[in-house]
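Visitor:
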Amino acid sequence: MNLLKGLKGRVRRDLPLKRYTTFKIGGRARFFVEPKDQDDLKILLGLAKKYRIPVAVIGAGSNILAGDRGIKGIVVKLSSPYFNKLSVKGNCIEAGSGVWIGRLLSFSRKCGLSGLEFLAGIPATVGGALAMNAGITKERRSIGNIVKSVTVMDKKGNRKVLKRKSIKFSYRNSSLSKYIILSALLNLKKGDRARIGDEIRGHLKYRSLTQDLSGPCAGCVFKNPAGDSAGRLIDLCGLKGKRSGGAGVSLKHANFILNLGGASFTDVIRLMDIIKRKVKNRFKIELVPEITIWRS
3 MNLLKGLKGR VRRDLPLKRY TTFKIGGRAR FFVEPKDQDD LKILLGLAKK YRIPVAVIGA
63 GSNILAGDRG IKGIVVKLSS PYFNKLSVKG NCIEAGSGVW IGRLLSFSRK CGLSGLEFLA
123 GIPATVGGAL AMNAGITKER RSIGNIVKSV TVMDKKGNRK VLKRKSIKFS YRNSSLSKYI
183 ILSALLNLKK GDRARIGDEI RGHLKYRSLT QDLSGPCAGC VFKNPAGDSA GRLIDLCGLK
243 GKRSGGAGVS LKHANFILNL GGASFTDVIR LMDIIKRKVK NRFKIELVPE ITIWRS
């Protein structure tokens, strides 16, 4: 703990990551730090560099499969009030990276600003949504489409403001992944509050009908291949209900793996390997993980 002396934020040691991932899987983090502000974050990164300790950032933990033996480095969560600010600038909303998407949507509806409704039901923070370019595949809409600028910090502690044209967004990926995202300016448009609310409820209903939220999971495990659906391919391989230890393929959505009780990192990885092999053998398609895998 003395290694991180001088930080103003909350510092904890040997914290179980399963408390902070929607999969409810993960061993202990050597250090779990919630910096007070960006200056505190800069100090933390300096200490990490000095002592050669790797740093990983966690948002909502909804896209992470963490190793059972834990993480030997520092896990950073930007959960302090500093990183949870929301403000309006004309037709734009500036949102801190720690803001939950649900809260962002409520704020945008209250302000009568439209353009975020398609994100309803995505269990992520603004930072996590930006890093993976969250959105709806079938509608070809993603958060990258409404970004005006993103404020980031590199691993050396340098703060930068990146304009939209300098950021590369692609399917479930972005060039922001190499930075720590501090905040974003999102370009929206004026809208009717009632209509915005109706759209949000519509997206929430669609997700509840099509996704399996009956147990701990990390959403879609694999990216959709070009022109196809990973869930469809997995289903055609007869893998719905397939189990490995405490992990099982959803009976409702074949691209969801559920923690059915006591699932381990190894259980999920084995099940993912089975899925990849079956799909590759039958369709000659190599499935690529959508989730982020933190190996011990």
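FYI, the numbering for the sequence shown is 3 to 298, going by the numbering used here. Cβ coordinates follow ideal geometry from the N, Cα and C atoms, glycine included.
Out of curiosity, what's the CA-to-CA distance linking ARG71 and THR268?
Guide: When the Cα atoms are used, ARG71 and THR268 turn out to be separated by approximately 11 Å.
Visitor: Is it true that the CB of GLY75 sits closer than 8 Å to the CB of ILE60?
Guide: no
Visitor: Could you please give the first and the last residue of the uninterrupted alpha helix (DSSP H) stretch that includes ARG197?
Guide: Where ARG197 is concerned, the enclosing alpha helix (DSSP H) stretches over 195–212.
Visitor: Check for me: the beta strand (DSSP E) holding THR153 runs from which residue to which?
Guide: 149–155
Visitor: I'd like to check one pair, PHE120 with ARG143: are the Cβ atoms closer than 8 Å?
Guide: yes
Visitor: Can you have a look at GLU141 and say buried or exposed, based on whether 16 or more other CB atoms are within 10 angstroms of its CB?
Guide: exposed
Visitor: Using 8 Å for Cβ pairs, my map puts ASP39 next to TYR84. What's the rounded Cβ distance?
Guide: 4 Å
Visitor: Would you mind stating whether LEU289 and ILE277 have Cβ atoms separated by less than 8 Å?
Guide: Their beta carbons are under 8 Å apart, which means LEU289 touches ILE277 by this criterion.
Visitor: Of the residues GLY28, PHE258, THR212 and ASP237, which one's Cα is nearest the Cα of GLY221?
Guide: PHE258
Visitor: Take every Cβ of the region 91–98, pair it with every Cβ of the region 179–188, and state whether three or more of those distances are shorter than 8 Å.
Guide: yes
Visitor: Write down the C-beta distance between VAL13 and LEU19 rounded to the nearest angstrom, noting that I regard them as a contact closer than 8 Å.
Guide: At roughly 16 Å, the Cβ-Cβ gap does not stay under 8 Å, so VAL13 and LEU19 are not in contact.
Visitor: Looking at the secondary structure, which residues open and close the alpha helix (DSSP H) in which LYS282 lies?
Guide: 267–285
Visitor: Between CYS239 and the rest of its own chain, which residues show a CB-CB distance below 7 Å, the 5 nearest in sequence each way excluded?
Guide: LYS280, VAL281 and ARG284
Visitor: Would you call TYR53 buried or exposed, if buried means 16 or more other Cβ atoms sit within 10 Å of its Cβ?
Guide: It is exposed - the Cβ of TYR53 has fewer than 16 other Cβ atoms within 10 Å.
Visitor: With which residues is GLY98 paired in a DSSP beta bridge?
Guide: SER185
Visitor: Please report the straight-line C-alpha distance between ALA232 and VAL223, rounded to a whole angstrom.
Guide: 9 Å
Visitor: Can you tell which of ILE66, LEU107, GLY69 and GLY11 has its C-alpha closest to the C-alpha of LEU46?
Guide: GLY11
Visitor: Measure the beta-carbon distance from ALA265 to ALA249 and round it to whole angstroms, keeping in mind my assumption that it falls under 8 Å.
Guide: Confirmed, Cβ separation roughly 4 Å.
Visitor: Helix or strand or just coil, what does DSSP make of PRO83?
Guide: helix
Visitor: Less than 8 Å between the C-beta atoms of SER176 and LEU164, yes or no?
Guide: no
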